[in-house]
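Using this note's numbering, read the sequence shown as starting at 14 and increasing by one per residue.
Note that the Cβ used here is the ideal one computed from N, Cα and C, for glycine as well.
Below you'll find the structure, written out as structure tokens, and then a few comments.
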Amino acid sequence: MKNKALALDKKDPLSGFRSRFYIPENTIYVDGNSLGLLSAEAEESLLRVLDEWKTLGIKGWLQGKRPWFYFAEQIGDIASPLVGAEPGELIFTGTTTVNIHALVSTFYHPKGKRTKILADEVNFPSDIYALKGQIRQKGLDPAEELLMAPSHDGYNLDEDTIVSMMTEEVALVYLPSVLYASGQLLDMEYLTKEAHRRNIPIGFDCSHSAGAVPHEFSKWGVDFAVFCSYKYLNGGPGCTAFLYINKKHFHKEPMTPGWFGYVKEKQFDMLHEFEHARSAGGWQISSPGVLGASTMEGSLKIINEAGIENIREKSLKLTTFLKELIREMLPATGDGFSIITPEEDHRRGGHIALAHPKIALRVNEALKARGIVPDFRAPDIIRIAPVALYNTFYEVFQVAAALSEIIRNKEFLQYDNRRKPIS
Ligand SMILES: *Cc1c(COP(=O)(O)O)cnc(C)c1O
Numbered sequence: 014m015k016n017k018a019l020a021l022d023k024k025d026p027l028s029g030f031r032s033r034f035y036i037p038e039n040t041i042y043v044d045g046n047s048l049g050l051l052s053a054e055a056e057e058s059l060l061r062v063l064d065e066w067k068t069l070g071i072k073g074w075l076q077g078k079r080p081w082f083y084f085a086e087q088i089g090d091i092a093s094p095l096v097g098a099e100p101g102e103l104i105f106t107g108t109t110t111v112n113i114h115a116l117v118s119t120f121y122h123p124k125g126k127r128t129k130i131l132a133d134e135v136n137f138p139s140d141i142y143a144l145k146g147q148i149r150q151k152g153l154d155p156a157e158e159l160l161m162a163p164s165h166d167g168y169n170l171d172e173d174t175i176v177s178m179m180t181e182e183v184a185l186v187y188l189p190s191v192l193y194a195s196g197q198l199l200d201m202e203y204l205t206k207e208a209h210r211r212n213i214p215i216g217f218d219c220s221h222s223a224g225a226v227p228h229e230f231s232k233w234g235v236d237f238a239v240f241c242s243y244k245y246l247n248g249g250p251g252c253t254a255f256l257y258i259n260k261k262h263f264h265k266e267p268m269t270p271g272w273f274g275y276v277k278e279k280q281f282d283m284l285h286e287f288e289h290a291r292s293a294g295g296w297q298i299s300s301p302g303v304l305g306a307s308t309m310e311g312s313l314k315i316i317n318e319a320g321i322e323n324i325r326e327k328s329l330k331l332t333t334f335l336k337e338l339i340r341e342m343l344p345a346t347g348d349g350f351s352i353i354t355p356e357e358d359h360r361r362g363g364h365i366a367l368a369h370p371k372i373a374l375r376v377n378e379a380l381k382a383r384g385i386v387p388d389f390r391a392p393d394i395i396r397i398a399p400v401a402l403y404n405t406f407y408e409v410f411q412v413a414a415a416l417s418e419i420i421r422n423k424e425f426l427q428y429d430n431r432r433k434p435i436s
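Given below as structure tokens:
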């Protein structure tokens, strides 16, 4: 298997990209689904913007190499091929959860019998908090109005169960693309089609797929989407997020308006009557945090150069190889570990999730002690994300070998079962 790993690396067309990233020393970093690594290009664009501030002061808004005033719109356009957005439909603004509020408030209009939001019970907590908050803002009770599609196994969802819940009481469907815990990729095209057949708008959180899985938002007719940029898009901790709105909705009212959503040419007329830009830009709220956002310019350069289709192809090979190794190397029975990520390529995002009812946290700690960085998600999941741009097949081999030794030799017993604030 080691030889197979080395052979796979040898013929990997993306292998050259690894040297453009800063890999923490003596580390096998397989946590790009949580915080992607810094690239030389991202560092460069950040330093350039810092220098523009130093040398241009306020003139940077129009005279920066990429003028700060148009930064959010331009980065949105550059990222459009990753998700299949048409010009003006994607903007680089806000943060994931703020963008959820901005868009759900535009799309959620409970009326008559149609009062509910359909989500799912394994979604990311922040998304659920935001949906509940939006329901409360309408004077309604989340216990009544938030429908949660159930998971059959506690980890994954079934698209047809979700569709069966798209009833006449549903005013909005809001789902993840890739489930943050299990790594399942939902069939967004199918779900969009079924929601629209019932006249229900549908939005997605693509934080766990953007940069790893190509999407076709516009072709599929997705109404809106949000995604962060610090996972597979390698923007850095807390980097600005993306907001997508289908152009057929540009006329809709932004319900969390702010001056950066104003028609661009007239923003500095400083009028009190709000007139929103007829583009995703209309949903911007505040001045863009240009410094924090600046890494994305360099990072997108690399991603677009590699090509999202090639990234996806390698990512699937990496995760397929990881599963193969785990099945071969982990003690077969009695150890209780299972791969909970769906088996088929088209139902999987960029990471593999392993579950163990008792020892997942301790095994995760043991991996970290060996210089391997995966992550743990309560109560029982280890997530491993080999990233196409900077991980190798040989690293995947090393991760599986370490896992196998840790379990076989009961190395995990040396580690505490207590969770740190971030694990
Ligand atoms: C990463 C992630 C978030 C993070 O939200 P922030 O507002 O960026 O902190 C939210 N939802 C999902 C599904 C995520 O994967």
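How is the beta strand (DSSP E) around V239 delimited, first residue to last? 237 to 240
With a CB to CB cut of under 6 Å and the five nearest residues on each side skipped, what residues in its chain are close to T346? Bear in mind that a pLDDT of 43 at T346, under 50, signals an unreliable position, so the number given afterwards is only what the model happens to contain. Cβ within range, chain order: n/a, list empty.
Nearer than 7 Å: is that true of the beta carbon of H221 relative to any heavy atom of ligand 1? yes
Using 8 Å as the threshold, is the C-beta distance between G216 and D200 below it? no
Could you please give the first and the last residue of the uninterrupted beta strand (DSSP E) stretch that includes R390? 388 to 390
Is the segment 315 to 326 touching the segment 109 to 119 in the sense that three or more CB pairs, one from each, lie closer than 8 Å? no
Which residue wins for smallest C-alpha separation from V409, given the options S231, K78, N46, T332? T332
Do G224 and L51 have their C-beta atoms within less than 8 Å of each other? no
Would you check whether ligand 1 has a heavy atom nearer than 7 Å to the C-beta of Y275? no
Nearest neighbour of G97, chosen from I213, E202, G311, K277 [CA to CA]: E202
Which stretch, first to last residue, makes up the beta strand (DSSP E) that contains V191? Element bounds for V191: n/a, residue is neither H nor E.
Can you find at least 3 beta carbon pairs, one from the segment 88 to 106 and one from the segment 127 to 135, that sit closer than 8 Å? no
Beta-carbon within less than 7 Å of Y42's beta-carbon, same chain only, minus the 5 sequence neighbours each way: which residues are those? I36, L50, V386
DSSP-derived helix/strand/coil call for Q297: coil
Among G45, L19, T40, A20, which has the Cα closest to the Cα of A401? G45
Please list the terminal residues of the continuous beta strand (DSSP E) segment that includes I397. 394 to 397
Looking at the unbroken beta strand (DSSP E) that takes in G216, where does it start and where does it end? 215 to 218
Of the residues L367, F334, D171, which one's Cα is nearest the Cα of A20? F334
Report the three-state DSSP secondary structure of F287 (helix, strand or coil). coil
Got a sec: does ligand 1 put a non-hydrogen atom nearer than 7 Å to the Cβ of Y193? yes
Alpha carbon to alpha carbon, how far is E288 from L48? Give it in angstroms, no decimals. 37 Å
Roughly how far, in whole angstroms, is the beta-carbon of D388 from the beta-carbon of R375, given that I think they are within contact range, below 8 Å? So it is not a contact: roughly 14 Å between Cβ atoms.
Nearest by alpha-carbon distance to V226: which of K232, G234, R325 is it? R325
Just to confirm the assignment, what range does the beta strand (DSSP E) spanning Y257 have? 255 to 258
Around the C-beta of K327, are 16 or more other C-beta atoms found within 10 angstroms, so that it is buried, or is it exposed? buried
State buried or exposed for M283, treating a residue as buried only when at least 16 other CB atoms are found within 10 Å of its CB. exposed
Please determine whether the Cβ atom of P434 lies at a distance below 7 Å from any heavy atom of ligand 1. no
In three-state DSSP terms, what is K126? coil
Compute every distance between the C-beta of K145 and the non-hydrogen atoms of ligand 1, then say whether any falls below 7 Å. no
Suppose you measure from the CA of T106 to the CA of S242; what does that come to, to the nearest Å? 10 Å
M161 - partner residues in DSSP beta bridges: A132
Check each candidate in D90, L27, S351 and name the one with the smallest Cα separation from I257. It is Tyr, not Ile, that sits at residue 257 in the sequence shown. The shortest Cα separation from Y257 among D90, L27, S351 belongs to D90.
Report yes if the C-beta of S139 is less than 7 Å from at least one heavy atom of ligand 1; otherwise report no. yes
In whole angstroms, give me the CA-to-CA distance for H369 and V303. 42 Å
So L338 and D358 are in contact, right, with Cβ under 8 Å, and what is the actual spacing, rounded? Not quite, the Cβ-Cβ distance comes to about 17 Å (not below 8 Å), so this is no contact.
Got a sec: does ligand 1 put a non-hydrogen atom nearer than 7 Å to the Cβ of P250? no
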